[in-house]
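> If you're matching them up, the sequences are chains A and B in order.
If you read the first sequence in the numbering used here, its first letter stands for residue 1, the second for the next number, and so on.
If you read the second sequence in the numbering used here, its first letter stands for residue 1001, the second for the next number, and so on.
Glycine included, every Cβ here is placed at the ideal spot set by N, Cα and C.
Dropping a structure here in structure tokens format, bear with me for questions.
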Amino acid sequence: MSIAVQCRGVWKTFGTGPTAVTALQDINLAVEDGEFVTLVGSSGCGKSTLLRTIAGIESHNAGEIIVGGVPIRGPGVDRAMVFQNYSLYPWLTVVENIKFTRQLAAHTRDCTSSDVEVAAGRADALLGVMGLTSVAHSYPNQLSGGMQQRVAIARAMMSRPRILLMDEPFGALDAQTREVMHDLILHVSQLESCTVIFVTHDVEEAIYLGQRVVLMAPRPGRVDTVYPVPLTRERSQAMKHHSAFLELKVAILDRIRSTSGMKTDLELLQKLSRTAAQR
Amino acid sequence: MGFWVIRGSVSPQRYWLLAALGLALPLIGWATLSATGLVNPVFLPGPLSVLQRIATWYSNDELLGDIGISSMRVVAGWALSALIAMPLGLFIGTFRSVQALLEPLTDFIRYMPAVAFIPLVMLWIGIDEGAKIGIIFIGTFFQMVLMVAEDVRRVPMAQIEAAQTMGATRLEIIERVIVPSAKPALVDTLRITMGWAWTYLVVAELVAANSGLGYAIIKAQRFLQTDKIFCGIILIGLIGLAMDQTFRLIHRKAFPWLYLRS
Chain A
1 MSIAVQCRGV
11 WKTFGTGPTA
21 VTALQDINLA
31 VEDGEFVTLV
41 GSSGCGKSTL
51 LRTIAGIESH
61 NAGEIIVGGV
71 PIRGPGVDRA
81 MVFQNYSLYP
91 WLTVVENIKF
101 TRQLAAHTRD
111 CTSSDVEVAA
121 GRADALLGVM
131 GLTSVAHSYP
141 NQLSGGMQQR
151 VAIARAMMSR
161 PRILLMDEPF
171 GALDAQTREV
181 MHDLILHVSQ
191 LESCTVIFVT
201 HDVEEAIYLG
211 QRVVLMAPRP
221 GRVDTVYPVP
231 LTRERSQAMK
241 HHSAFLELKV
251 AILDRIRSTS
261 GMKTDLELLQ
271 KLSRTAAQR
Chain B
1001 MGFWVIRGSV
1011 SPQRYWLLAA
1021 LGLALPLIGW
1031 ATLSATGLVN
1041 PVFLPGPLSV
1051 LQRIATWYSN
1061 DELLGDIGIS
1071 SMRVVAGWAL
1081 SALIAMPLGL
1091 FIGTFRSVQA
1101 LLEPLTDFIR
1111 YMPAVAFIPL
1121 VMLWIGIDEG
1131 AKIGIIFIGT
1141 FFQMVLMVAE
1151 DVRRVPMAQI
1161 EAAQTMGATR
1171 LEIIERVIVP
1181 SAKPALVDTL
1191 RITMGWAWTY
1201 LVVAELVAAN
1211 SGLGYAIIKA
1221 QRFLQTDKIF
1231 CGIILIGLIG
1241 LAMDQTFRLI
1251 HRKAFPWLYL
1261 RS
């Protein structure tokens, strides 16, 4: 197995002087080719920042991120990203959104006419896989949130990226839609055999999707623990009731609680309930 | 289906009924007030005499010419400011450094009253058509720049970042994301600033004009022709309304995705 993404001593600070915040502290993480890794952690742990740094839309102050053997310098067509929402282009239809990369020089440089045909076929195939064929000529605001995210995923997959970066892509969806999307993204990522790094704050989602769950801790943002998920690569909804799944979920939730710095809130609540009981 | 439901919906029939009522009520009030004879017609001419005045203005006094020249001045001043404000606002809204360079200056100038520039404009440009267009330009341009910049800034960051992750260049992001994304808001800004351009018409025609609706109003004031003043004001209102509706129609035709609901 070769390494798809390697973070070596990545540091990132926001701001300067006394108000500077260390968002990422010495991140070392290697993601294998074809692996599905999920990043979890309480808010402010830097999981989104790490993902955005790997995408190249956020710069890092020290260390290097190696993708395909070379350190990244900004965004690249080898990495595609799916955002939580509002990233689709509302003036384009579904199929036009998916084909958006075909308008960009980075994807059409040295492009032959057969490439154009391949691209058209690719768009059709993605529409089919993502269940979007019937809405291909609708506009995004005619679609439900779940359907919109399908379009966003298809658009990201259009240029066959080696690595798919997903920043809480299902965070705004309802629970039922999420389950469908989970199985869909597992299916698509295996079909395309691409590496996925997936950020979420939902521990169950992280375990269900990931082969490894990377737990990050806040202040300063750092990698706390990496949990291998003791489940087969093929997942099914029933696995959520396996004891191995539940034990891992409890362990991760406990660890998040103890790293989140929310202890003071718990103490305050206990104090309040004590005073209430005394009355 | 109460009248006072907060943000409640209204059926199209009721909407048009209320709109017609809103327009008719002041008209009826005006007609009754002048019919009772309580107010001297010099202060408040009746609707009929205003209508008659429009007819005589049309037959004896070049009404169409006045409308034409005034529209030309308004549209020229507004188009000139749009021509410069659009690219400038795009730059201010896209690049923080350009914003720092130009926005405080624009904010400062836009508080200066356009009317106060009249003597300077006369000095710099003279007293012909250019001066009138110049006044309208000064009145609309600085506001327009800031509105365009704001429209551009309101393009969701996720749309821009998505393009970045797809490998779009800076120029491609501006051309293929920022401009199309901001376009509906920009058309609205053009519509609103067109309204402001009309409000500067009368001021602009203070400058040695001898034609135009604003000039006619000023001249009518000298002869105490209140009915003609009413005519001028109402005509400007009607032309503005027509232009506004045209812009709304363009908006609906050009951006169909905004008016869809599945």
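#1: Of all the CB atoms in chain A, is at least one closer than 9 Å to the CB of B/F1255?
#2: Drop a sphere of 10 angstroms on the beta-carbon of B/N1060, count the other beta-carbons inside from all chains shown, and report buried for 16 or more, exposed for fewer.
#3: Along the region 76-87 of chain A, where does the CB come closer than 8 Å to a CB of chain B? Name the residues.
#4: Taking a Cβ distance cut-off of 7 Å, strictly less, list which residues of the region 48-78 of chain A are near chain B, in chain order.
#5: Flag this pair as yes or no: are the beta carbons of A/V10 and A/A62 separated by less than 9 Å?
#6: Where does the unbroken beta strand (DSSP E) through A/F36 begin, and where does it stop?
#7: In terms of DSSP beta bridges, what is A/E32 paired with?
#8: Below 8 Å on C-beta distance, what does B/A1168 contact in chain A?
#9: Taking the CB atoms as reference points, tell me whether A/T195 and A/I163 lie closer together than 9 Å.
#10: I want to verify the contact list: residues of chain A whose CB lies under 9 Å from the CB of B/R1176, in sequence order.
#11: Could you tell me whether any Cβ in chain A is nearer than 9 Å to the Cβ of B/A1158?
#12: Check whether the region 167-178 of chain A and the region 135-152 of chain A touch, using three or more Cβ-Cβ pairs below 8 Å as the test.
#13: Looking at chain B, is there any beta carbon in it that lies within less than 9 Å of the beta carbon of A/R155?
#14: Apart from the five residues just before and just after B/D1227, which ones in its own chain have a Cβ nearer than 7 Å to its Cβ?
#15: Should the region 92-109 of chain A be regarded as contacting the region 137-145 of chain A, the criterion being three or more beta carbon pairs within less than 8 Å?
#16: Would A/Q176 pass as an interface residue toward chain B - the criterion being a Cβ-Cβ separation below 9 Å?
#17: Can you grab the Cα-Cα spacing for the pair A/A125 / A/Y208, in whole Å?
#18: Taking C-alpha atoms, which residue in A/Q237, A/V67 and A/Y227 lies nearest to A/K249?
#19: With a floor of 4 residues, list each alpha helix (DSSP H) that falls wholly inside the region 84-115 of chain A, ordered by position along the chain.
#20: How would you write the range of the alpha helix (DSSP H) that B/A1254 sits in, first residue to last?
#21: Quick check on B/W1004: does DSSP put it in helix, strand or coil?
#22: Taking Cβ-Cβ distances shorter than 8 Å, what residues in chain A pair up with B/T1246?
#23: Smallest Cα separation from A/V37: which of A/I27, A/L215, A/E267 and A/Y89?
#24: Could you tell me the distance, in whole angstroms, from the CA atom of A/P8 to the CA atom of B/L1258?
#25: I'd like the span of the beta strand (DSSP E) that includes B/L1258, first residue to last.
#26: DSSP on A/R222, reduced to helix/strand/coil?
#27: Helix, strand or coil: how does DSSP classify B/D1066 here?
#28: When DSSP builds the beta bridges, which residues end up paired with B/K1266?
#29: Taking the DSSP output, what are the residues bridged to A/E64?
#30: Could you list which residues in chain A have their beta carbon closer than 7 Å to that of B/A1182, in chain order?
#31: Which runs of the alpha helix (DSSP H), 4 residues or longer, sit entirely within the region 1084-1146 of chain B?
#32: Does the Cβ of A/V199 have 16 or more other Cβ atoms within 10 Å, making it buried, or fewer, making it exposed?
#33: Over what stretch of residues does the beta strand (DSSP E) that includes B/R1170 continue unbroken?
#34: For the putative contact between A/E32 and A/A4, defined by C-beta atoms under 8 Å, what is the C-beta separation to the nearest angstrom?
#35: Would A/V6 count as contacting chain B if we go by Cβ distances under 9 Å?
#36: Buried or exposed: where does A/V116 fall if 16 or more other Cβ atoms within 10 Å of its Cβ makes it buried?
According to the structure data:
#1: In the second sequence, the residue the question calls residue 1255 of chain B occupies position 255. With 9 Å as the cut-off, B/F1255 counts as an interface residue toward chain A.
#2: Your numbering for residue 1060 of chain B matches position 60 in the second sequence. Burial call: exposed.
#3: Result list: G76, V77, R79, A80, M81, F83, Q84, N85, Y86 and S87.
#4: For the region 48-78 of chain A, the beta-carbon criterion of a distance under 7 Å to any beta-carbon of chain B is satisfied by A55, I57, P75, G76 and V77.
#5: For the purposes of this step, residue 10 of chain A is identified with residue 10 of the first sequence, where counting begins at 1. For the purposes of this step, residue 62 of chain A is identified with residue 62 of the first sequence, where counting begins at 1. Yes; because the gap between Cβ atoms is below 9 Å, this pair is in contact.
#6: Position 36 of the first sequence, counting from 1, holds the residue named residue 36 of chain A. Taken as a continuous stretch (DSSP letters only), the beta strand (DSSP E) holding A/F36 covers F36 to V40.
#7: Position 32 of the first sequence, counting from 1, holds the residue named residue 32 of chain A. Looking at the DSSP assignment, A/E32 forms a beta bridge with A/I3.
#8: The residue given as residue 1168 of chain B occupies position 168 in the second sequence. Think of a sphere of 8 Å around the beta carbon of B/A1168: the chain A residues whose beta carbon falls inside it are L104 and A106, in chain order.
#9: By one-based count along the first sequence, residue 195 of chain A stands at place 195. By one-based count along the first sequence, residue 163 of chain A stands at place 163. With a cutoff of 9 Å on beta-carbon distance, A/T195 and A/I163 are scored as near each other.
#10: Taking the second sequence and counting its residues from 1, the one referred to as residue 1176 of chain B is at position 176. By Cβ distance, chain A contributes Y89, F100, Q103 and L104.
#11: By 1-based counting over the second sequence, the position of residue 1158 of chain B is 158. Interface annotation, B/A1158: in contact with chain A, CB-CB separation under 9 Å.
#12: Here the region 167-178 of chain A lies against the region 135-152 of chain A, with 3 or more beta-carbon pairs under 8 Å apart.
#13: Counting from one through the first sequence, the residue named residue 155 of chain A turns up at place 155. Judged by the 9 Å Cβ criterion, A/R155 is in contact with chain B.
#14: On the second sequence, position 227 is the one that residue 1227 of chain B refers to. P1045, S1049, V1050 and R1053, listed in sequence order.
#15: A contact exists between the region 92-109 of chain A and the region 137-145 of chain A.
#16: Residue 176 of chain A sits at position 176 when you count from the first residue of the first sequence. So no, A/Q176 is outside the interface.
#17: Translated into positions along the first sequence, residue 125 of chain A becomes position 125. Translated into positions along the first sequence, residue 208 of chain A becomes position 208. About 26 Å.
#18: Mapped onto the first sequence, residue 249 of chain A falls at position 249. The option with the nearest alpha carbon to A/K249 is A/Y227.
#19: DSSP runs (the alpha helix (DSSP H)) wholly in the region 84-115 of chain A: 94-98 and 105-108.
#20: Indexing the second sequence from 1 puts residue 1254 of chain B at position 254. Where B/A1254 is concerned, the enclosing alpha helix (DSSP H) starts and stops at T1226 to A1254.
#21: In the second sequence, residue 1004 of chain B corresponds to position 4, counting from 1. Coil at B/W1004, not helix or strand.
#22: Against the second sequence, residue 1246 of chain B aligns to sequence position 246. Residues of chain A with a Cβ closer than 8 Å to the Cβ of B/T1246 do not exist; the shortest Cβ-Cβ separation is about 21 Å.
#23: Numbered from 1 along the first sequence, position 37 holds the residue referred to as residue 37 of chain A. That would be A/L215, whose Cα lies nearest to the Cα of A/V37.
#24: Looking up residue 8 of chain A in the first sequence gives position 8. Looking up residue 1258 of chain B in the second sequence gives position 258. According to the sequence as given, residue 8 of chain A is Arg; it is not Pro. Between the alpha carbons of A/R8 and B/L1258 lies a gap of roughly 46 Å.
#25: Here residue 1258 of chain B is taken as the residue at index 258 of the second sequence, counted from 1. Run containing B/L1258: none; DSSP gives neither H nor E here.
#26: Sequence index remark: in the first sequence, residue 222 of chain A carries index 222 (1-based). The answer is strand: DSSP assigns A/R222 an E or B state.
#27: As a position in the second sequence, residue 1066 of chain B is number 66, starting the count at 1. Annotated three-state conformation of B/D1066 is helix, per DSSP.
#28: In this structure chain B extends from 1001 to 1262, so residue 1266 of chain B is not present and cannot be described.
#29: The residue given as residue 64 of chain A occupies position 64 in the first sequence. Assignment of beta-bridge partners to A/E64 by DSSP yields A/R8.
#30: By 1-based counting over the second sequence, the position of residue 1182 of chain B is 182. What B/A1182 touches in chain A, judged by beta-carbon distance under 7 Å, is nothing: the nearest beta carbon there is about 10 Å away.
#31: Entirely contained in the region 1084-1146 of chain B, the alpha helix (DSSP H) runs reaching 4 residues are, in chain order, 1096-1110 and 1118-1125.
#32: On the first sequence, position 199 is the one that residue 199 of chain A refers to. Buried, by the Cβ-count rule.
#33: As a position in the second sequence, residue 1170 of chain B is number 170, starting the count at 1. That residue, B/R1170, is in no beta strand (DSSP E); its alpha helix (DSSP H) goes R1170 to I1173.
#34: Working through the first sequence from its first residue, we reach residue 32 of chain A at position 32. Working through the first sequence from its first residue, we reach residue 4 of chain A at position 4. Sure, about 6 Å apart at Cβ, within 8 Å.
#35: Numbered from its first residue, the first sequence carries residue 6 of chain A at position 6. The residue you asked about is not Val; residue 6 of chain A is Gln in the sequence shown. Not an interface residue.
#36: Translated into the one-based positions of the first sequence, residue 116 of chain A becomes position 116. Exposed is the call here.
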